[in-house]
Structure formats: C-alpha cells, structure tokens
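Chemist:
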Amino acid sequence: MIFITGCNGFVGQNLINKLSAQGEKVIGIDPIEQRHYNKANSFKFLKASTLDKGLLLELFKEHKPSTIIHMGMVSTPKDALQNPELAKKSILEGSLNLMELALEFNAEKFIHFSSSHVYGDINKQSISEEETPQPKSLYGKIKWDTEQRLRKLSHSTNLRTHIIRPTSVYGPNDPGMRVVSLFIERAIKNQPLIIKDSLSRLDFTYIEDLLEGVQLLLSTELDDGITINLSRGEGRSLIDLAKVIQTHLPETIYEDQSVEDSKKTVKGCLDIGRAKRLLGYEPKVDLEAGIKKILETQSKQWP
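Residue numbers (my numbering): 365 to 667.
1) What does the Cβ neighbour count give for His434, buried or exposed, with the cut at 16 atoms within 10 Å?
2) Might you give, ordered along the chain, the residues of its own chain that have their beta carbon closer than 6 angstroms to the beta carbon of Met437, omitting 5 neighbours on each side?
3) Tell me, to the nearest whole angstrom, how far the beta carbon of Asp567 is from that of Leu634; I am working on the premise that it is less than 8 angstroms.
4) Val390 lies in the beta strand (DSSP E); which residues open and close that run?
5) Who does Glu619 pair with in a DSSP beta bridge?
6) Among Ala385, Ile368 and Val608, which residue has its Cα nearest to the Cα of Leu462?
7) Report all residues from its chain with a CB closer than 6 angstroms to the CB of Tyr428; omit the five preceding and five following residues, and keep chain order.
8) Consult DSSP for Ile433 and reduce its assignment to one of helix, strand or coil.
9) DSSP three-state label for Thr661, please.
10) Please report the distance separating the alpha-carbon of Gly644 from that of Leu580.
11) Taking the straight line between their C-alpha atoms, what separation do you get for Ile590 and Thr616?
12) So, for Lys631: in the same chain, excluding its five sequence neighbours on each side, which residues have a beta-carbon less than 7 angstroms away from its beta-carbon?
13) For the alpha helix (DSSP H) holding Ser539, just list the boundary residues, first then last.
14) Between the alpha carbons of Leu517 and Glu464, how many angstroms are there, rounded?
15) What first and last residue would you give for the beta strand (DSSP E) that runs through Leu594?
16) Identify whether Pro497 lies in helix, strand or coil by the three-state DSSP scheme.
17) Excluding sequence positions up to five away, which residues of its chain have a Cβ less than 7 angstroms from the Cβ of Asp573?
18) Tell me which same chain residues have a C-beta within less than 6 angstroms of the C-beta of Thr431, skipping the five on either side of it?
19) Quick check: the Cα distance between Ile609 and Gln446, rounded to an integer number of angstroms?
20) So, with DSSP's three-state summary, where would you put Val608?
21) So what does Ile475 bridge to, in DSSP terms?
22) Sort Arg600, Thr661 and Val578 by Cα distance to Leu642 and report the nearest one.
23) Taking Thr521 as the reference, which of Gln621, Leu467 and Lys627 has the closest Cα?
24) Let me make sure I understand the geometry here. Which of Pro530, Ile396, Glu397 and Val390 has the alpha-carbon closest to that of Phe407?
25) Going along the chain, which residues of its own chain have a beta-carbon closer than 8 angstroms to the beta-carbon of His680, five neighbours each way excluded?
26) Between which residues of its own chain and Gly654 is the CB-CB distance below 6 angstroms, once the five residues before and five after are set aside?
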C-alpha cells in the first residue's frame with residue numbers, strides 16, 4: 365500500500381494516475397476536494413491534512429501503508445513568503461507527523477519531496493547532492509531544515525528515507541500556473557511573455573520524466589538517507605523557453621524586463637549523475653519536445 369500526500373497537486377495527481385493504472389494500491393490525501401483521477405479500483409481519496417495527526421493515526425491504523433510519498437505541503441517560495449507560519453507548519457510539522465507514524469507502523473520506505481531551492485544560488489554549470497545546501501529563501505531554509513530533521517529521525521531504524529530534489533516541473537494541464545503553463549497561456553491569448561529573470565537557467569523537467577524517476581526510486585533498494593536530484597539535467601533560460609513557444613505559435617512576442625535583484629535565488633541546472641548511476645534514470649523529454657507535447661495535448665481541449 366502506497367500512501368501519497370498532496371495528491372491534488374500537479375505531480376501528485378499524475379503520479380496517482382500512473383501508479384493506479386499499473387494496479388498499485390494507493391491512498392491519496394489532500395486538504396482540498398478531490399480532483400479528476402483516472403478511474404481505478406486500486407485508488408482511494410481521503411480529504412485530510414498532514415497537520416491533523418489524529419486523523420493520520422486512524423488512517424495508518426486502518427491501512428498500514430508500506431510506502432509513504434510525501435508531497436503535501438506549501439509548494440512555492442512565494443506562498444512561503446506570504447504565509448511563513450503556515451509554510452513552517454505545513455512543510456516541517458506535517459513532514460514530522462508522517463515520519464513519526466511511518467516509524468510507529470513499521471513502514472518500509474519514506475520518499476520526501478524537497479526542492480532545488482535548498483541549494484540557494486546556483487552559480488556553476490550544475491550542482492550535485494554532494495554540495496552543502498546554502499538556502500537563500502525562507503522556503504529553501506524550511507525545506508533544508510526539514511530534510512535534516514527527517515534524516516535524524518529515521519537514522520538507525522529500518523525505515524529507508526529518501527529525499528527527492530526536483531525542479532521546474534512542467535507538463536500538460538498544470539493547474540499551478542508555473543512559468544511554462546503561464547507563458548503558454550499568455551501566448552495563446554496573444555499577450556506578451558514578460559521575462560523578469562534572464563540570468564537564471566531553469567532545469568525544465570517534464571512530468572513523465574519525473575514520474576519515471578519516482579517509480580525507479582520505488583523499485584530500487586538504496587541505503588537509507590539517499591538524496592536524489594530528479595530533473596532534466598539541462599539549464600535553459602526563460603528566453604529559450606519563449607523562443608521554443610514562438611516556433612509553435614509564431615505570433616508570440618516576449619519582453620525582457622529583467623532587473624538585477626540580489627534577494628532572488630539564482631536558479632540553475634541540477635547534476636543528475638547520482639540518479640543515473642543508482643537508479644538508471646534517463647530523462648527523455650527535452651524542452652522542445654515537452655512544449656510540443658503540451659500544445660498537442662491542450663489543443664484538443666480548445667474550442
């Protein structure tokens with residue numbers, strides 16, 4: 365039994381559809397109402413929050429999950445800045461609640477979704493998991509603190525805890541309005557694409573590649589405490605993104621309104637060598653192919 369938090373998010377929804385289609389028994393929780401999932405007898409949705417430890421206890425007693433995949437928390441630096449207290453409770457307290465129950469009920473594997481924001485500024489060609497994180501944003505600092513607390517809790521236990529650091533995930537029908545979906549929506553409406561950071565290099569990660577990495581992590585036996593970067597492994601600028609969209613929607617225009625801001629985290633490429641070595645991870649979809657897939661999928665939904 366796989367227990368997934370944050371199942372109404374973009375990644376969670378796609379992961380549940382993929383796992384349940386393969387016959388995996390999955391329970392998904394989220395504090396908001398259920399969204400659309402592929403019909404599958406092996407999936408059960410429950411409206412619940414990771415902050416409600418009493419309800420979580422009842423769920424663990426009833427279902428005794430062997431694997432926990434934890435994504436259900438404040439998910440962007442902007443959200444964390446707007447509500448710091450909620451961010452800390454959602455990310456740190458919710459994660460510790462789950463970890464304590466996973467240990468109490470002898471779960472086998474705990475997969476925690478962290479973020480590339482723990483690294484802070486990425487001022488090199490790529491950054492590996494060997495680098496000591498130096499988070500710059502409040503979001504990155506809470507994520508890094510949570511990673512360390514989870515490792516300490518699970519140390520010397522039978523629970524294998526693995527941490528995923530994804531970045532710039534995108535794909536069809538993303539409701540979160542991340543930069544790719546935002547740019548595509550503006551281009552379709554013939555609105556200019558406003559670029560406010562032309563210096564950063566984003567490691568755009570197509571949703572199917574990320575899901576493949578998660579599945580490999582589920583099926584591979586690794587030592588406890590392993591941290592894995594899961595991304596495309598290729599840094600691209602927002603101007604690159606705009607130009608790729610332009611090849612499909614030629615009327616698209618973009619405006620570079622970049623202003624240097626020392627407070628903003630400089631984004632960059634993640635080194636995915638560890639994922640390749642330990643998991644056999646090989647991302648297949650580059651930015652050009654990913655944008656094409658999104659437009660082909662979503663064009664079928666346009667009037």
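Glycine is no exception: its CB is placed at the ideal position from the N, C-alpha and C atoms.
Being a predicted model, the structure only gives us computed values, none of them experimental.
Modeler: Working from what's here:
1) Buried, because 16 or more other Cβ atoms sit within 10 Å of the Cβ of His434.
2) By the criterion of a C-beta distance shorter than 6 angstroms, Met437 is surrounded in its chain by Ser454, Ile455 and Gly458, once the five residues flanking it on both sides are discounted.
3) Rounded, the Cβ-Cβ distance is 5 angstroms, consistent with contact.
4) First-last of the beta strand (DSSP E) with Val390: Val390 to Asp394.
5) Bridge partners of Glu619: Ile558.
6) The closest CA to that of Leu462, considering only Ala385, Ile368 and Val608, is found on Ile368.
7) Position check: residue 428 holds Lys in this sequence, whereas Tyr was assumed. Closer than 6 angstroms at Cβ, skipping near neighbours: Phe469.
8) For Ile433, the three-state secondary structure derived from DSSP is strand.
9) DSSP places Thr661 within a helical segment (H, G or I) once states are collapsed to three.
10) In a straight line, the C-alpha of Gly644 is about 8 angstroms away from that of Leu580.
11) So the two alpha carbons sit approximately 43 angstroms from each other.
12) Cβ neighbours of Lys631 beyond the five flanking positions: Ile486, Ser564, Arg565 and Leu566.
13) Note on residue identity: the sequence assigns Pro, not Ser, to residue 539. Looking at the DSSP string, Pro539 is not in any alpha helix (DSSP H), and its letter there is neither H nor E.
14) Spanning the two alpha carbons is a distance of roughly 8 angstroms.
15) For Leu594, the enclosing beta strand (DSSP E) starts and ends at Thr591 to Leu594.
16) It is coil, neither helix nor strand.
17) Listed in chain order, the non-local C-beta contacts of Asp573 below 7 angstroms within the same chain comprise Arg596, Pro647, Lys648 and Val649, local neighbours out to five positions each way being set aside.
18) When the five nearest sequence neighbours on each side are left out, the beta carbons in the same chain lying within less than 6 angstroms of the beta carbon of Thr431 are those of Ile366 and Lys473, in order along the chain.
19) Between Ile609 and Gln446, the C-alpha separation is close to 31 angstroms.
20) If DSSP states are grouped into helix, strand and coil, Val608 belongs with the helices.
21) Bridge pairing for Ile475: Ile433 and His526 [DSSP].
22) That would be Val578, whose Cα lies nearest to the Cα of Leu642.
23) The residue from Gln621, Leu467 and Lys627 with its alpha-carbon nearest to that of Thr521 is Leu467.
24) Of the candidates Pro530, Ile396, Glu397 and Val390, the one whose C-alpha sits nearest the C-alpha of Phe407 is Val390.
25) For the chain, the structure presents residues 365 to 667; residue 680 sits outside this window and is missing.
26) Scanning its chain for C-beta atoms nearer than 6 angstroms, with the 5 sequence neighbours on each side dropped, one finds around Gly654 the residues Tyr570, in chain order.
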